[in-house]
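So the structure is just underneath, and the comments pick up after that.
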């Protein structure tokens with residue numbers, strides 16, 4: 103692949119991931135500016151639930167699919183797997199809404215959550231096609247489609263909200279457009295690389311799809327627990343709002359301050375082309391090059407984390423004030439802590455990708471279970487004592503644990519695999 107093509111892939115992959123990371127931020131800003139504090143709180147909570155439920159939809163198959171260079175499973179089998187997981191995503195939402203102890207099963211919030219999850223199911227289907235593009239080193243196509251879809255989605259949400267002044271109607275418009283785009287855009291483009299032979303679906307195809315789900319089950323559990331940890335502070339905020347401990351708008355304020363944490367993920371997503379390259383180095387037993395690339399990636403993330411955390415403390419809040427139209431002047435330290443947490447999360451996520459390459463991701467399950475227990479115990483206690491600042495304090499502690507524990511697991515597994523290869527040689 104020549105340098106010109108490489109540059110195109112990296113550029114569009116990076117642009118697409120910026121769009122993906124920015125879109126939730128833009129949605130929140132639009133909703134915060136043009137609706138009430140109550141609607142903004144509802145949308146913030148609904149999007150947090152959507153972030154959790156989309157993990158069921160994608161079932162963390164993407165990285166496994168993208169690194170399946172020998173095509174152990176066919177594209178048809180990956181497609182059928184995604185149909186099954188998206189159905190599970192949608193069906194499993196309703197028991198949660200009806201039996202949850204919070205207010206999620208009542209009134210406008212109920213509809214807002216359902217529409218948000220339907221919208222996120224479109225992201226889950228799009229992720230399947232993006233995995234195909236990545237597997238065949240055409241992330242430039244994925245990036246272009248992401249930029250177009252997320253840009254148009256933002257415009258549609260803004261215009262529909264301005265015209266109707268109804269968040270529910272605006273979300274219906276957003277869902278309708280994304281369904282059309284994913285199946286009229288992503289799917290059509292994917293046919294340039296691989297068509298789906300629907301007439302070949304058989305019981306064997308279903309068995310292979312179940313096999314994919316079994317293989318990726320540890321990844322799914324890990325991903326679900328991770329997103330649960332990321333969104334747990336918002337669930338505690340919702341509970342404290344109901345109890346009157348926090349004021350109306352607290353969910354909105356924290357979501358705006360929390361935006362950089364998800365924005366940090368673009369640094370990880372921008373490295374996706376390198377993950378495929380790392381997989382090649384590992385499969386070809388080029389351990390020195392593999393380790394050198396890992397050192398460079400982690401060093402880059404640490405330098406970026408330090409620089410951006412300092413900038414967040416100095417100018418972060420004034421920028422968010424201008425963007426959101428909300429006074430966040432008392433939250434400079436909280437924002438800095440959350441940005442630092444975001445980079446710890448990014449580093450730990452990259453380490454998780456390293457373990458996927460080694461096919462040792464199952465060992466991260468212990469880390470995620472411990473992390474979920476830690477956040478369940480720590481977050482409510484600290485938040486009752488320190489309010490929103492307590493949410494940031496508990497979050498940075500949990501992310502530090504996540505990073506250190508993931509690195510320890512990776513170092514142990516890498517050493518064992520290299521020793522196993524050398525003993526055979």
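Residue numbers (our numbering): 103 to 527. We put the beta carbon where it would ideally sit given N, CA and C, even for glycine. The structure presented is a predicted model; accordingly, all values stated were derived computationally and were not measured.
Do you know how far the Cα of residue 471 is from the Cα of residue 211?
30 Å
Contact between the stretch 497 to 517 and the stretch 345 to 354 (3+ Cβ pairs under 8 Å)
no
Taking a contact to mean a Cβ-Cβ separation below 8 Å, would you say residue 116 touches residue 315 in this structure?
no
Please determine, among 245, 293, 433, 449, the residue with the shortest C-alpha to C-alpha distance to residue 114.
245
Enclosing alpha helix (DSSP H) for residue 50 [first to last residue]:
Because the chain spans 103 through 527 in this model, residue 50 falls outside it and cannot be assessed.
Is residue 267 buried or exposed, if buried means 16 or more other CB atoms sit within 10 Å of its CB?
exposed
Confirm, please, whether the CB-CB distance from residue 469 to residue 508 is below 8 Å.
yes
Check the C-beta distance from residue 131 over to residue 417 and give it rounded, since I have them as a contact under 8 Å.
Rounded, the Cβ-Cβ distance is 18 Å, inconsistent with contact.
Taking residue 135 as the reference, give the member of 264, 178, 155, 191 with the closest Cα.
264
Could you spell out the range, first to last residue, of the alpha helix (DSSP H) harbouring residue 253?
241 to 266
Could you pull out every residue in the same chain whose Cβ sits closer than 7 Å to the Cβ of residue 415, ignoring the five residues on either side in sequence?
434, 438
Reduced DSSP secondary structure (H/G/I, E/B, other) of residue 147:
helix
Is it right to say residue 407 is buried, meaning 16 or more other beta carbons lie within 10 angstroms of its own, or is it exposed?
buried
Locate the alpha helix (DSSP H) running through residue 340, then write down its first and last residues.
305 to 345
Between which two residues does the alpha helix (DSSP H) carrying residue 237 extend?
209 to 237
Taking only three categories from DSSP, how would you classify residue 192?
helix
Here's a check: name, in chain order, each residue in its chain whose Cβ is nearer than 7 Å to the Cβ of residue 240, leaving out the five neighbours to either side.
295
What is the DSSP secondary structure of residue 366, counted as helix, strand or coil?
coil
Would you report the Cα separation of residue 505 and residue 313, rounded to the nearest angstrom?
30 Å
Where does residue 461 fall in DSSP's three states?
coil
Residue 519 (DSSP reduced to helix, strand or coil):
helix
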